[in-house]
Amino acid sequence: MELSERQEKIIEIVKENGPITGEQIADHLSLSRATLRPDLAILTMAGYLDARPRVGYFFTGKTGSELLTEKVKQYKVSEFQSVPVVVKEDASVYDAISTMFLGDVGTLFVVNDDGYLSGVLSRKDLLRASLGNQDLNIVSVHIIMTRMPNITVCRADDLLIEAAKKLIDKQIDGLPVVKDTPSGLQVIGRITKTNITKAFVELILDEQV
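Residue numbers (UniProt numbering): 1 to 209.
The following block contains the structure:
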């Protein structure tokens with residue numbers, strides 16, 4: 001968030017004199033308390049200042065980059081997950097390739113007859129399968145997929161930064177967002193590198209408003 005000149009001055013006053021009341025800040029700037037109220041509210045909500053009843057305002061000691069980092073750490077997977085693209089275990093490799101192309105995704109999630117996660121298909125998996133002389137219309141995806149429990153997943157309540165770390169550590173393009181049930185893992189979404197990028201772009205744009 002880009003601060004105005006007056007907001008910068010308010011921060012300097014609070015740094016030097018805090019804790020300090022709104023009235024005292026207004027006196028320093030020769031302005032009315034009502035005029036300053038919106039600026040104080042913005043600085044408090046943004047995390048630059050904190051306020052305590054009957055005490056006043058004080059500087060939190062946090063820089064803009066530190067506040068940005070704190071905000072990133074609060075993001076949840078549920079806020080940025082996309083609709084999952086799934087195929088059944090008995091789908092052919094040819095159908096999986098078509099689904100991946102039409103869905104414009106890099107990872108497909110494979111579910112069993114009951115709809116629970118049983119595997120994952122990447123572009124590399126499908127590429128390797130297509131290099132041979134086998135008929136892709138009769139080869140089922142369950143033959144080439146990565147199976148449970150060798151699948152990295154995340155939950156909707158997980159922190160987005162934790163999901164991003166999994167993507168980096170495992171060097172994969174996407175994670176299934178799952179819901180735990182007594183019968184298995186239900187796929188409810190997906191988190192990809194694109195989702196992570198959108199989250200950070202959105203954060204930067206919000207800070208520039």
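Virtual Cβ for every residue (Gly too), placed ideally from N, Cα, C.
The model shown is predicted, which means the values in this text are computed figures rather than measured ones.
Per-residue DSSP class, three states only, for residue i
i	result
Gly184	strand
Leu20	Sequence inspection shows Ile at residue 20; the Leu mentioned does not correspond to that position. DSSP places Ile20 in strand when its eight states are reduced to three.
residue 210	One cannot answer for residue 210 here, as it falls past the ends of the chain, which runs 1 to 209.
Leu49	strand
Lys76	strand
Leu3	coil
Arg190	strand
residue 234	The chain is shown only over 1 to 209; residue 234 falls outside these bounds and no answer can be derived.
Val85	coil
Val201	helix
Val55	coil
Val209	Residue placement at Val209 is flagged as unreliable, the pLDDT there being 43, under the threshold of 50; the coordinate-derived value follows with that caveat. Val209: coil per DSSP, three-state reduction.
Local Cβ density within 10 Å of residue i, reported as buried at 16 or more and exposed below that
i	result
Ile20	buried
Thr197	exposed
Ala41	exposed
Thr192	buried
Gln7	buried
Gly61	exposed
Ile10	buried
Val105	buried
Asn137	exposed
Ala163	buried
Val55	exposed
Ile13	buried
Ile143	exposed
Asp39	buried
Ala129	buried
8 Å Cβ cutoff met for residue i and residue j
i	j	result
Val187	Phe101	no
Glu202	Ser140	no
Pro84	Gly18	no
Leu126	Ile97	yes
Leu117	Leu49	no
Val77	Asp158	yes
Asp166	Cys154	Per the sequence shown, residue 166 should be read as Lys rather than Asp. Contact: yes.
Lys15	Phe59	yes
beta-carbon residue i near the ligand PLP non-hydrogen atom, thresh 7 Å
i	result
Val87	Ligands displayed in this structure: none; no statement on the ligand PLP is therefore possible.
Which ranges would you report for the alpha helix (DSSP H) in the region 94–172 if only whole runs of at least 4 residues count? DSSP runs (the alpha helix (DSSP H)) wholly in the region 94–172: 123–130, 160–170.
Taking one C-beta from the region 125–134 and one from the region 166–182 each time, how about it: are there three or more such pairs within less than 8 Å? Segments in contact, no.
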